[in-house]
Every structure is written in structure tokens, then in C-alpha cells.
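Peer 1: Residue numbers for the sequence shown follow our numbering, so the first one is 1351 and each next one is one higher.
Handing you a structure now.
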Amino acid sequence: MKYTLAFFALTFLLSCAREKEQKLESLDKKSAREVTLTTVEKGDSVLHITKQNIWYNGERLAEKADTIITEAKPKTWNAADTNSLRKVPIFVTVQ
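Now the structure itself:
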């Protein structure tokens, strides 16, 4: 009986925790800065594309896209890594 009660209590707590998560698609864009990071491999190059939209009171105030082009496999001293820059992780710093 104790185990059954503990199981239901744990299940209840987990279901409550899941309800607090909010999907990005459902966030209010009325006043926000939206940033999209995209990586596209094109031939021997990789395009790192950053798109930004700035929203205020439901209106888009500004929109801009920047692209940085790099070699897919840069020439480095450490030739042991055969991965392309397409597969490296993206780290985001918000200031």
C-alpha cells in the first residue's frame, strides 16, 4: 500500500512539472527579440546564418540577417578531427 501511494504521488508531481513547460511557439511575441540560428552546408563551405526580428507592441520594428561563411573542414594543425563545422554544437551567450 505504501509503494502504491508513493507511486501515485510521484506520478502526480511529474505531471505537474510537465504542465509548467512552455513551448517556444506559444510564447508571446508582442514585445520580444526573436533570434534564429541556421547552419547550411554548401559545397566546401558552411554558412552560419543569424536572423533577428525585434517586436514591440505587436509590430515588427526591425529585421536583419547576417551570414558568416567558413570552410567545411578548416585546415588546422590537429588533422585528427574529421567532422565538418556543420556538426559542431552551437553555444549562445545572452548579455
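Even for Gly, the Cβ is constructed at its ideal location relative to N, Cα and C.
#1: Valine 1442: which of Lys1380, Asp1378, Ser1381 and Val1385 sits nearest, CA to CA?
#2: Which one of Ile1418, Ala1382, Val1444 and Ser1381 has the shortest CA to CA distance from serine 1395?
#3: Give me the residue from Leu1387, Asp1416, Lys1414 and Arg1436 with the minimum Cα distance to proline 1424.
#4: Determine the direct distance from the alpha carbon of threonine 1426 to that of asparagine 1403, and round the result to whole angstroms.
#5: Once you ignore the five residues that flank lysine 1401 on each side, which residues in its own chain have a CB closer than 6 Å to its CB?
Peer 2: According to the structure data:
#1: Val1385
#2: It is Ile1418 whose Cα lies nearest to the Cα of serine 1395.
#3: Arg1436
#4: Cα to Cα, the separation comes out at about 35 Å.
#5: Excluding sequence neighbours, lysine 1401 sits near Thr1386 and Ala1415.
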